[in-house]
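What follows is a single structure, written as structure tokens, with notes after it.
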Amino acid sequence: MAFAQEDLDLVLVPIGLLLMLAYNLFFLYRYLHFPKTTVMGVENDDKRAWVEAILQGNVDERAIGVNVVTSNVSAATFFASVCLTLCSLLGAWIANLPSSSNIFHAVLLFGDPKPSTAAIKYLCLLLCFLVSFACFLQSARHHVHASYLITTPGSLIDPEDVKVVVIRGGEFWSLGHRSLYFALSLLLWFFGPVPMFTSSVTLVMILHHHDKYSIPIKRRPLRKKTQIADRV
1 MAFAQEDLDL VLVPIGLLLM LAYNLFFLYR YLHFPKTTVM GVENDDKRAW VEAILQGNVD
61 ERAIGVNVVT SNVSAATFFA SVCLTLCSLL GAWIANLPSS SNIFHAVLLF GDPKPSTAAI
121 KYLCLLLCFL VSFACFLQSA RHHVHASYLI TTPGSLIDPE DVKVVVIRGG EFWSLGHRSL
181 YFALSLLLWF FGPVPMFTSS VTLVMILHHH DKYSIPIKRR PLRKKTQIAD RV
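Start counting the sequence shown at 1; every next residue gets the next number (the UniProt record's numbering).
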């Protein structure tokens with residue numbers, strides 16, 4: 001039985017998706033068990049130090065912290081709006097699938113040109129945008145919660161609670177972006193399984209270089225306000 005060009009979708013696309021999924025699971029394992037070897041783990045340490053410094057400051061310094069959190073909320077809300085808009089456009093595109101699927105036939109590199117395959121492409125891309133929208137929405141929610149905790153007067157709030165909320169917001173932010181990375185590969189699938197597989201391999205190499213952290217940075221220990229007052 002001859003191997004047809006249409007069968008490339010059944011081979012290259014699952015391999016590309018499994019490759020990206022395997023790398024992200026590998027990164028999750030490193031992040032949970034060896035956080036110092038990942039960029040996200042080091043960034044979490046910086047966020048913990050930032051929360052401690054902000055909570056030790058006065059009202060003006062806490063206002064600066066709220067401005068930082070607000071900028072994160074704005075960025076997450078922007079990405080969530082973009083994802084929701086793309087979901088709406090894809091929904092309208094899927095509703096007009098018989099005519100819209102012909103657009104990519106002229107530039108399709110091998111692959112299966114059947115409308116059923118095009119429908120699977122649209123649905124997979126829509127799913128990635130929906131997951132990304134949900135993650136960015138959760139990121140904005142956690143950062144809004146962090147702004148409430150930071151502006152709480154006195155010592156009613158445990159700093160560890162603020163750290164958890166800020167870090168959780170950053171984790172959802174990262175999940176939203178990684179879902180967009182999957183969407184990028186699926187978007188190239190419209191031009192054929194070969195571009196999709198090539199983009200998956202390229203993204204894995206870029207993410208591995210971006211996520212790996214191997215250069216130690218020396219940081220000064222955070223000084224308490226009492227220590228600063230004693231020196232003055």
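Glycine is no exception: its CB is placed at the ideal position from the N, C-alpha and C atoms.
Inset, instruction - Drop a sphere of 10 angstroms on the beta-carbon of residue 132, count the other beta-carbons inside from all chains shown, and report buried for 16 or more, exposed for fewer. - result: buried
Inset, instruction - Measure how close the beta-carbons of residue 136 and residue 80 come, nearest whole angstrom, since I'm counting them as under 8 angstroms. - result: 4 angstroms
Inset, instruction - Indicate the three-state DSSP secondary structure (helix, strand or coil) for residue 37 in the structure shown. - result: helix
Legend entry - DSSP bridge partner residues for residue 163 (one or two, in chain order): For residue 163, which the question treats as bridged, DSSP gives no partner whatsoever.
Legend entry - residue 211 versus residue 25 - alpha carbon distance: 13 angstroms
Inset, instruction - Look at the alpha carbon of residue 46 and the alpha carbon of residue 203, and state the distance between them as a whole number of angstroms. - result: 26 angstroms
Legend entry - Best match in 69, 74, 119, 13 for proximity to residue 91 [C-alpha to C-alpha]: 119
Legend entry - Extent of the continuous alpha helix (DSSP H) run through residue 123: 115 to 150
Legend entry - Top-ranked residue by Cα proximity to residue 52, from 40, 199, 159, 172: 159
Inset, instruction - Assign residue 122 to one of two classes, buried (16 or more other C-beta atoms within 10 Å of its C-beta) or exposed (fewer than that). - result: buried
Legend entry - residue 195, buried or exposed, once every other Cβ within 10 Å from all chains shown has been counted against 16: buried
Legend entry - Residues of its chain near residue 243, where Cβ-Cβ distance is below 6 angstroms and the 5 sequence neighbours each way are ignored: Not covered by the structure: residue 243. The range shown for the chain is 1 to 232.
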